[in-house]
Structures are given as C-alpha cells and as structure tokens.
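The next block holds one structure in the form of structure tokens; read it before the comments.
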Amino acid sequence: MAKSYWLMKSEPDVYSIDHLKKDKTTWWEGVRNYQARNFMMNGMKPGDEVLFYHSNAEPPGVAGLAEITKEAAPDTAQFDPKSEYYDEKSTKANPRWMCVQVGFKAKFKDIVSLNDLREEKALAEMLVLKKGQRLSVQPVTKAEFEKIKKMGGL
DNA sequence: GCCAACGTTGGC
DNA sequence: GCCAACGTTGGC
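Mapping to our numbering: the first sequence position 132 is 145, numbers consecutive.
Put into structure tokens, the structure is as follows:
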C-alpha cells in the first residue's frame, strides 16, 4: 500500500518536537475526537510520514517531521482515573479511543509558521489553513508534505 | 485573555 | 432526531 501523509497538532507546552526528539517515539495519547481517532485507527500505518505541528504556540506552525511507527492500539490513558484523558464510558473489552505510536524524524532549523504556509499558493487547500478547522489529526497530500519539508530546509 | 467556530451532550 | 447549552480548540 502506498504511503500516506498526515499533519498532527500538539501544544509545545504539553508535548513539543523536542520532547519527541528526546523520547524517540511516543504513543499519541489524549485524542478525544472521533474524526481524528478514525484517521489514526483506519488511515495510518507504519511508515506513513507526519508533519509535527505546534498549536497554541508563538508562532504556530510545522516544527518538524515524524513518522508512524506502530499502528493504532487502545489509548491506555482512557482507563486511568487519574489521567485527564480518563473516559469512564470506555472499557478494556470495548475501548473507545485508539492511538498510534509516532517516531521522531527531524526538527526543522526554523519553524515553518502558519503565516509561511498561508503565503504558499500550492498549500491553499490545506485543512489547517481553513478557518475554524480544529481537527488535531489531518490528512495532507504528498505534494503538500514535500513542499513543507522543503520549506523547512530538508 | 478574548472569542469565533466547532463538536458533544442531553432534554424533549 | 432536533437543537440549545455547554465545553474545547486555537489563532490573535
């Protein structure tokens, strides 16, 4: 199957590209949105490439590259009553939330900011640029991925 | 900190 | 199944 390309948002105060660089891999826990979950569950596969996006950041933008290292498995945080991601309606027999494992690939020397993305005509169709688009896991095209990779100096 | 846009919940 | 109320996201 052909490789797919994605954009995944994270607030750098919570988990930044530097955290991922240090950890090497991480389970993408805490997604509590069905559309985003479905992309992880049904769309992503190991080897897929990811734009790591910093939201609620100064400036917001793509901070680097990652890849999917393991396909979706139950998000363990949903079973932990002490976690802020706890979901009392989820059971181990029938878990509601799944997440993939993500691995570090590269950090851009300079962040490719949201403004930079807006100025590129070739990226005009990207979901992340659409007003009110809050989805934290989004598909991107190969062309968009390659373009942003180049803008990031890689 | 504000607030527009959006997703989810729950009463009916 | 509708939709008002509420909570969250995320840029500014």
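Every residue gets a Cβ at the ideal spot worked out from N, C-alpha and C, and that includes glycine.
Proximity winner among the options, relative to residue i (alpha-carbon distances)
i      : options                        : result
Ile161 : Leu148, Trp41, Asp129, Thr38   : Asp129
Ile30  : Lys95, Met139, Thr82, Gly74    : Gly74
Gly43  : Gly166, Lys105, Phe121, Val113 : Val113
Leu136 : Met21, Met164, Arg147          : Met164
Lys35  : Gly116, Gly145, Val141         : Gly116
Ala85  : Leu78, Gly60, Pro72, Ser23     : Gly60
Val150 : Phe158, Lys16, Leu64, Glu133   : Leu64
Thr82  : Lys134, Lys118, Pro25          : Lys118
As assigned by DSSP and simplified to three states, the class of residue i
i      : result
Ala137 : coil
Gln146 : coil
Ala49  : helix
Inter-residue spacing [alpha-carbon to alpha-carbon] between residue i and residue j
i      : j      : result
Ala49  : Ile124 : 24 Å
Arg45  : Ala90  : 11 Å
Lys105 : Phe92  : 8 Å
Glu88  : Met139 : One detail in the question is off: residue 88 reads as Asp in this sequence, not Glu. Taking the straight line joining both Cα atoms gives about 28 Å.
Asp100 : His67  : 25 Å
Glu157 : Phe121 : 16 Å
Trp110 : Ala76  : 26 Å
Leu247 : Lys144 : Here the chain covers residues 14 to 167 and nothing more, so residue 247 does not appear.
Asn107 : Gly56  : 20 Å
Glu62  : Met21  : 10 Å
N-terminal and C-terminal residue of the beta strand (DSSP E) that residue i is part of
i     : result
Met21 : 18-23
Trp41 : Unbroken run through Trp41: none, as it is neither H nor E.
Limits of the unbroken alpha helix (DSSP H) element including residue i
i      : result
Ala156 : 155-164
Tell me the start and end of each unbroken beta strand (DSSP E) in the stretch 59-132 that is at least 3 residues and wholly inside, in chain order.
-> Considered as a whole, the stretch 59-132 harbours 62-67, 74-87, 111-126 as its complete beta strand (DSSP E) runs of no fewer than 3 residues, in chain order.
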